[in-house]
Structure formats: C-alpha cells, structure tokens
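**Student:** In case it helps, our numbering puts the sequence shown at residues 4 to 396. Built from N, CA and C at the ideal position, the CB exists for glycine as well. Starting off with a structure, shown below.
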Amino acid sequence: MDSPEYRDLLGRFESANALIGIIGMGYVGLPLALACVKSGFSITGFDLDDAKVVALKKGESYLKHIPAEKIRAAVDADKLDATSDFSRLKEMDAVIICVPTPLAPGNVPDLSYVTSTTDEIAKYLRSGQLVVLESTTYPGTTAEVMKPILEASGLKSGQDFYLAYSPEREDPGNPTHETSIIPKVVGGDGEDALKLARAFYDRVVVQTIPVSSLDTAEAVKLTENIFRSVNIALVNELKLIYGKMGIDIWEVIEAAKSKPFGYMPFYPGPGLGGHCIPIDPFYLTWRAEQFGQKTRFIELAGEINTAMPGHVVQVLEDALKERFDKNLDGAKILILGIAYKKNVDDVRESPAFAIIEMLEGMGAETGFYDPHASEIPDTREHMGLAGRKSIEW
C-alpha cells in the first residue's frame with residue numbers, strides 16, 4: 004500500500020534517519036546494534052537483564068569479543084541507548100527481535116521468548132512500524148505465530164504495520180566476518196514489507212538477498228545450520244572409523260581439502276556447541292513431522308554429534324587404564340577450555356559440560372581452565388555446574 008506513511012518510513016530507512024529498537028542485546032542484538040550505529044541509525048536496545056542495560060548506558064561491554072570502546076563511542080554520540088521499559092517500543096520506526104529460540108524437553112521448539120516478546124510489541128504497536136524477527140526458527144513461525152499476536156492489536160500486517168524475517172548470521176569472535184560484511188537474507192509479509200526491510204538492511208550490511216516469502220527466509224537459515232550439523236556428524240563418524248584403522252583424520256582432511264572442487268573441509272570435535280548448530284536442526288525435525296515427513300539425516304547427525312562427549316570420556320578412560328593402570332574413579336581431570344569454540348566467552352551448549360558431568364558421574368574429580376570463560380553460568384541443562392570457576396594459571 005503506497006501511502007504517505009509508507010513512503011515516509013521508506014525514506015527514513017534509506018536516509019538512516021529511522022529510530023531502531025532491538026530486543027535482546029546479546030550475542031546477536033549487540034553486534035547488530037553497533038552495525039546499525041555505524042551506518043547512521045539511532046538505536047535503542049531493549050533487554051530484561053538490568054545488568055546489560057546498565058552496562059550499555061555506561062559504555063561497557065559484557066561480551067569479550069566486542070570492545071567497550073565501540074559501545075562507548077556509540078553512547079557518547081547519542082546513537083545508542085538501552086532500556087528495560089518496553090513502552091518505549093512505540094517510539095521506534097522498526098523493532099528487531101533477537102531473542103533465544105532454545106529447545107524444550109524432547110527436542111521440541113521453545114518459542115516462549117519469541118511469543119512473550121511479540122506480546123510486548125503488540126501492546127505498543129502503532130501504525131507505520133516495521134517488525135522483523137531475526138531469531139532462528141522453523142518455517143511458519145513469523146506468519147503463523149507472530150502475525151496473529153500482532154494483529155490481535157487491531158492493526159493489519161501489510162496495511163497498518165509491516166512484518167519481515169531476516170535470519171541472523173552472527174559468528175561470535177570471528178574477526179573477519181563482522182555483521183556489516185555478511186549478506187542478509189530477507190523475506191517479507193508482502194512486497195511492501197520486503198521493500199522496507201531491504202531498505203533498512205541495505206544501509207547496514209553489504210548486501211541483502213530477497214526471497215519470496217517469510218517461510219523461505221526461515222528455511223534458508225535452517226538449511227545453513229543443518230548443512231553444518233550433518234557434515235560435522237559425517238567427519239565425526241569418519242574420525243571414529245579411521246581411528247580404529249590407525250589413520251589420522253586430520254591428515255586426511257588436510258590432504259582432501261587440496262581438491263579445488265566438490266569438497267569442503269569440516270572438522271571433528273568433542274560434540275556440537277553454540278546456540279545454533281546443536282539446536283536448530285531439530286526445529287525442522289519437529290516441523291517436518293507436522294507434514295508427515297521424516298528427517299533421517301538430521302536425526303542421525305544429531306545422534307552422532309550428541310554421542311561425541313561420551314566418546315571423549317571413553318578415550319580418556321582407556322588411556323588412563325593403558326598408560327597408568329588407573330581408573331576414572333578417583334582420577335583428577337583438568338578440562339582445558341569450556342567455551343564452545345576458541346577465543347570466545349560463549350559457553351552455550353558447550354560439550355565440555357556434558358564431559359564434566361560424565362567424568363564426575365564415574366567418580367573423577369574435575370576442574371577447568373579457560374581464559375575467556377572464567378565461570379560457568381546458570382544453564383537449564385547443567386544446573387549443577389553453575390558458579391564453578393576456572394582455576395588460576
């Protein structure tokens with residue numbers, strides 16, 4: 004609908020004069036906020052965690068891979084503010100949702116953060132706003148879950164407000180792939196929503212990739228992460244097989260990646276970590292069941308990757324017995340690194356936690372050292388480990 008209100012909003016995005024609200028100032032929301040500031044937008048970060056709000060207002064960073072200097076510069080320039088007062092959503096021209104999408108027991112999608120956030124937006128939704136979901140989720144979430152909640156406000160998507168989906172592609176701690184140089188896939192609830200979302204993201208990132216629907220954009224992100232999960236599972240299985248044959252999987256991969264076509268290297272590990280790869284594939288598994296479809300590759304990959312911490316413990320048990328004639332019961336084990344990957348403080352879904360619990364369940368005494376993650380936070384899956392601190396080195 005090419006109304007004066009629509010044209011005005013489009014112009015504000017194109018000139019970076021729009022007010023942008025970002026809900027969830029964590030590993031996705033904070034880098035996005037800084038990228039928006041860099042492109043000229045004024046940002047208000049919304050978060051229920053008062054500690055984050057206070058830190059941002061002071062220009063401090065709570066993520067080790069994001070320098071405080073960047074936050075302080077944005078705050079000093081009056082381009083970045085933070086609040087836990089969701090009534091301020093009505094001031095925003097665009098509201099971007101960057102909240103967690105974990106799994107509930109039974110590998111069922113947990114959309115509670117998305118729905119509660121959408122409920123808050125609906126309370127303050129006004130005509131002429133763009134609402135964008137960035138959280139990874141199954142196809143149908145934006146259209147079938149979010150849209151009805153927002154339209155319960157009495158406003159109509161595509162007529163009064165605009166709804167889009169653009170999956171986050173953050174890689175925390177990767178210095179060569181910051182937010183602004185990663186292309187963004189964008190899907191909209193209608194052409195007007197797509198055009199508005201593209202106008203916004205075109206100012207923020209190097210390239211936008213428009214797709215035909217909200218569902219397609221949601222499927223793109225799942226496809227990216229399922230691709231990684233399945234291939235990591237494959238190389239994990241190859242590691243186990245080649246290990247029995249006395250073949251070094253790392254040497255195999257190094258030689259195989261010399262082929263300039265038809266091969267992409269993936270690497271084995273103690274299990275999957277991070278908020279995306281261990282979780283997202285099961286969002287599609289759940290959704291596929293509703294269409295009478297099986298996801299055999301996805302489920303097998305999950306089975307293999309989930310079993311890797313147990314493999315690590317078994318290798319350790321065998322090595323102790325063979326080399327020192329000792330059992331795990333009574334052994335003292337130091338875990339070097341609890342973050343899910345190197346050089347970050349992100350411990351979400353880290354396989355180190357499962358390894359620690361298995362070792363202690365077999366009678367071992369454990370400690371850990373990690374210069375980036377000095378304390379184990381509260382987690383839903385590993386509550387008994389919360390508060391443990393890294394040893395001094």
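What do you reckon, are the CB atoms on G416 and P354 nearer than 8 Å?
**Tutor:** The requested residue 416 does not occur in the structure, where the chain is confined to residues 4 to 396.
**Student:** Going by the beta-carbon positions, is the gap between G190 and L225 smaller than 8 Å?
**Tutor:** Not in contact: G190 and L225 (Cβ atoms no closer than 8 Å).
**Student:** Using alpha carbons as the reference points, say which of Y266, L199 and I301 lies closest to E17.
**Tutor:** Cα-wise, what sits closest to E17 is L199.
**Student:** Three or more C-beta pairs closer than 8 Å, one from the stretch 232-250 and one from the stretch 159-176: is that the case here?
**Tutor:** Flag = no, the stretch 232-250 and the stretch 159-176 do not touch.
**Student:** If you scan the stretch 301-362 from start to end, which runs of the beta strand (DSSP E) of 3 or more residues do you find wholly inside it?
**Tutor:** As far as the stretch 301-362 is concerned, its whole beta strand (DSSP E) runs of at least 3 residues are 335-339.
**Student:** For L83, does the three-state DSSP call read helix, strand or coil?
**Tutor:** Three-state DSSP puts L83 in a strand.
**Student:** Can you give me the Cβ contacts of Y266 inside the same chain, cut-off strictly under 8 Å, excluding the 5 residues immediately before and after it?
**Tutor:** A259 and K260.
**Student:** Beta-carbon separation of A236 and N308 under 8 Å?
**Tutor:** Cβ distance < 8 Å, so A236 and N308 count as in contact.
**Student:** Identify whether I394 lies in helix, strand or coil by the three-state DSSP scheme.
**Tutor:** Here I394 sits in coil by DSSP.
**Student:** Verify whether the separation of the beta carbon atoms of H385 and E360 is less than 8 Å.
**Tutor:** Their beta carbons are under 8 Å apart, which means H385 touches E360 by this criterion.
**Student:** Rounding to the nearest angstrom, what Cα-Cα distance links V3 and K324 in this structure?
**Tutor:** No answer is possible for residue 3: it lies beyond the span of the chain, which begins at 4 and ends at 396.
**Student:** What residue range does the alpha helix (DSSP H) around A259 cover?
**Tutor:** Where A259 is concerned, the enclosing alpha helix (DSSP H) stretches over I252 to A259.
**Student:** From C39 to I46, what distance separates their C-alpha atoms?
**Tutor:** Answer to the nearest angstrom: the Cα atoms are 7 Å apart.
**Student:** Does DSSP classify L199 as helix, strand or coil?
**Tutor:** L199: helix per DSSP, three-state reduction.
**Student:** Among K60, I69, R15 and D53, which one has its Cα closest to the Cα of Y30?
**Tutor:** Measuring from the Cα of Y30, the nearest candidate turns out to be I69.
**Student:** Mapping DSSP to helix, strand and coil, what is T369?
**Tutor:** It is a strand residue.
**Student:** Should V134 go down as buried or exposed, given a rule of 16 or more other Cβ atoms within 10 Å for buried?
**Tutor:** V134 comes out buried.
**Student:** Give me the Cβ distance between D328 and M365, rounded to the nearest whole Å; I'm assuming they're in contact under 8 Å.
**Tutor:** That belief does not hold up - the Cβ atoms of D328 and M365 are roughly 16 Å apart, past 8 Å.
**Student:** Per DSSP, P213 forms a beta bridge with which residues?
**Tutor:** Answer by DSSP bridge pairing, in chain order: V189.
**Student:** Identify the continuous alpha helix (DSSP H) that holds G176 and give its terminal residues.
**Tutor:** It is not in any alpha helix (DSSP H) - G176 carries neither H nor E in the DSSP assignment.
**Student:** For S45, does the three-state DSSP call read helix, strand or coil?
**Tutor:** Strand, per DSSP.
**Student:** Please list the terminal residues of the continuous beta strand (DSSP E) segment that includes A376.
**Tutor:** Taken as a continuous stretch (DSSP letters only), A376 belongs to no beta strand (DSSP E), as it is neither H nor E.
**Student:** Can you give the Cα-Cα distance for E137 and K344, rounded to whole angstroms?
**Tutor:** If I take the Cα positions, the gap works out to 23 Å.
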